[in-house]
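Q:
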Amino acid sequence: MIKFINKFFPFELEKDKYDYVISFESIEHIQDDVQFIETIISAIKNNGYWFLSTPNEEKMSLKKNNNKFHFRHYTNKMVNDIFKKYNLKVIEQYGEDTYSIDKNGLIMGTLSEDKMELIKDYNGQFMVYILKVVKE
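Just so you know, the sequence shown maps onto residues 0 to 135 in numbering that gives the first Met the number 0.
1. Assuming Tyr98 contacts Thr109 under a Cβ cut-off of 8 Å, what Cβ separation, rounded to an integer in Å, is found between them?
2. Pairs of beta-carbons, one from the region 66-80 and one from the region 36-49, closer than 8 Å: are there three or more?
3. Per DSSP, what are the beta-bridge partners of Met126 in this structure?
4. Per DSSP, what kind of secondary structure is Thr38 in: helix, strand or coil?
5. From Ile39 to Gly94, what does the alpha carbon distance come to, in whole angstroms?
6. Going by C-alpha distance, which of Asp113, Gln34, Ser60 is nearest Gln124?
7. With which residues is Leu12 paired in a DSSP beta bridge?
8. Going by the DSSP bridge assignment, what does Val89 pair with across the sheet?
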C-alpha cells in the first residue's frame, strides 16, 4: 500500500512505519532542518529508504539568487556530513540542471525540457539521493 502524506512541518510521523519516504525540494524550506531530518529518519523502518533532493549551493547560490522561501541550500559536504552523522548510506546519487545560470551565478531562466536530465554521479544544480536508513 502506498500512503501519501502531504503536511507542513513540523509534523509527527509514526516511528518505524515506512519502507520509503520521498522528500523532493522540501528540506531547504524548513527552518529546523535537524528536527525534520530526525522526524523523517525515525519514521523509516530499519533498512528502509529515503529519496531526498535539494538545491546545490555550489551550483545555485542562495546568496546570489535570493529565494524568500528557502532557509538554506546545501553543499555536497553539508549533505554528506548529515548522512554520516545519521548513518545514512548513499545507494545512488544524481544531479540535475534545470536553470540557465550566467557567469556571475545568477539564474537567467529555465532550461528547455530536453536539457533537464537526471544524471548519475553528476554534481548538478539539484542533488538527488537514494539513501538507506540503517538503524543500530
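Backbone N, C-alpha and C fix where the C-beta goes; we use that ideal spot for every residue, glycine too.
A: Looking at the atomic coordinates:
1. At roughly 6 Å, the Cβ-Cβ gap stays under 8 Å, so Tyr98 and Thr109 are in contact.
2. Fewer than three pairs of CB atoms, one per stretch, sit closer than 8 Å, so the region 66-80 makes no contact with the region 36-49.
3. When beta bridges are read from the DSSP output, Met126 appears opposite Thr53, Gly94.
4. If DSSP states are grouped into helix, strand and coil, Thr38 belongs with the helices.
5. If I take the Cα positions, the gap works out to 22 Å.
6. Here the closest residue by C-alpha is Ser60.
7. Beta-bridge partners of Leu12 (DSSP): none assigned.
8. Val89 pairs with Leu130.
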